[in-house]
Amino acid sequence: MAIDAPLLKGETVHSPQIEAVRNVSTALPKIDFPPLSRGPASSDASVESGNLDRPASSQFSIDISKISDHVRDFLLGELTSGRLKPGDRINEAELARRFGISRNPIREAISGLLQRGFLVSEPRRGAFMRSFTAKDVDDVFSFRICVETFAIRQAMPMMDPAARAEFTAIVDHMIEAAKAGDVGAVRHLDVLLHRRLCERSRNRQTLRAHEAIDTEMQMLMASVDLFAESLIDGASAHVPIAEAIMGGDPEKVVAALTAHIEQTWRHARAFYEELERAEAAASKTRRKRSADPGVHPIDPSEEEIP
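Quick note: the sequence shown uses our numbering, first residue 172, plus one each step.
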């Protein structure tokens, strides 16, 4: 996976800030092992040029064996960007029409996402984007802390001053993007920083573990507006991490990173706890109405949730 892979997979951001991000990314030393998987930010020219939007023809340039991969990547982009909401149905017919392909590769892509737990299936209804709970937030964030702090302790002894300076550059660009109001660039840089820490560990298992939770993390965070109050504050929260990395003490980096992740964890958990309370109140209202024979049940979408 390229280190400048977007946080919102499938999203394209064009700005001076994100161009600067790409310049920083290409200047960073490469880690000498192959990518773990084909990520949503595909380098396939046929995807970038929009060939998936054209009907099938004799000039169709995508290898048929890879079509399901492109569909999977597209769906991952929709899941992690927030364009698909929890409970939204995956419309096979619409995808087939949009891509100009049969439903078979679409079903294959959906099956893979079901197996990974990103989608859920309902009999005779199809596949839907999964919903998240406060418990899911706890599971993902606690595991993320374990993975990234382990990566730090492995990476720091191998990082020279130039390698440590990478993280200062990333945070500096993040702050510049925040000043410009570029939410997309800030999120791209946030992912870049955390991914780079794991890459610096040079441990394939650490990277696999990080990748295993990355999509789920992005999915559950897609509905949580971390920058509602101040984009600058969100970017500046990474400064202590960069400063600790420059200082070279692994335990100080662990402490700074843990504090940063725990702050995001609390914010996300509060969001999902409030969502669960609202859903419980709506369910209680529905049960009360259905138990009263004199009251006709109303459409749940018309209910007022306290």
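Yeah, the Cβ is synthetic: ideal placement off N, Cα and C, and Gly gets one too.
- Residue pairing by DSSP places Val395 in no beta bridge whatsoever.
- In this structure Glu263 touches Arg278 by the C-beta definition: roughly 7 Å separates them, less than 8 Å.
- Pairing Asn374 with Val424, the inter-Cα distance amounts to about 18 Å.
- Here Val308 really is in contact with Trp436; their C-beta atoms are around 7 Å apart, less than 8 Å.
- Counted as a single uninterrupted DSSP element, the stretch harbouring Gly419 is not any beta strand (DSSP E), since DSSP gives it neither H nor E.
- The criterion of a C-beta distance shorter than 8 Å is not satisfied by Ile238 and Ile261.
- Note: Ser292 is bridge-paired with Ala298 in the DSSP secondary-structure output.
- Judged by beta-carbon spacing, Ser302 lies within the 8 Å limit of Gly258, meaning their Cβ atoms are closer than that value.
- Contact holds between the segment 398 to 416 and the segment 329 to 347, because three or more Cβ pairs, one in each stretch, are under 8 Å apart.
- Straight through space, the alpha carbons of Cys369 and Ala334 are spaced by roughly 13 Å.
- Between Val362 and Leu402, the gap from beta carbon to beta carbon reaches 8 Å or more.
- Rounded to the nearest whole angstrom, the CA to CA distance from Met390 to Gly248 is 10 Å.
- According to DSSP, Arg260 shares a beta bridge with Phe299.
- Look at Leu255 here: in three-state DSSP terms it is coil, with no helix or strand label.
- By the 16-neighbour rule on beta-carbons within 10 angstroms, Ser372 is buried.
- In the three-state scheme derived from DSSP, where H, G and I count as helix and E and B as strand, Arg278 is classed as helix.
- Thr251 and Ala393 do touch by the CB rule: their CB atoms are close to 6 Å apart, below 8 Å.
- Per DSSP, the continuous alpha helix (DSSP H) segment holding His359 begins and ends at 354 to 371.
- Taken atom to atom, the span from the alpha-carbon of Ala427 to that of Ala415 is near 7 Å.
- In the displayed model, Ile432 falls within a helix according to three-state DSSP.
- The criterion of a C-beta distance shorter than 8 Å is not satisfied by Thr386 and Ile316.
- Pro421 places its beta carbon less than 8 Å from that of Ile323.
- With fewer than 16 neighbouring CB atoms inside 10 Å of its own CB, Met417 falls in the exposed class.
- With 16 or more other Cβ atoms inside 10 Å of its own Cβ, Arg366 counts as buried.
- By the criterion of a C-beta distance shorter than 6 Å, His381 is surrounded in its chain by Val318, Cys369, once the five residues flanking it on both sides are discounted.
- Between Arg287 and the set Phe314, Gly352, Ile384, Ala349, the nearest pair of CA atoms involves Ile384.
- With 16 or more other Cβ atoms from the protein chains shown falling within 10 Å of its own Cβ, Glu337 counts as buried.
- Pairing Thr320 with Ala413 gives a Cβ-Cβ distance that is not under 8 Å.
- With a 10 Å radius around the Cβ and a threshold of 16 neighbouring Cβ atoms, Gly297 comes out exposed.
- A distance of 8 Å or more separates the beta carbons of Glu445 and Thr304.
- Excluding five sequence positions before and after Pro276, the CB atoms of its chain that fall closer than 7 Å to its own CB belong to Ile238, Ser239, Val242, given in chain order.
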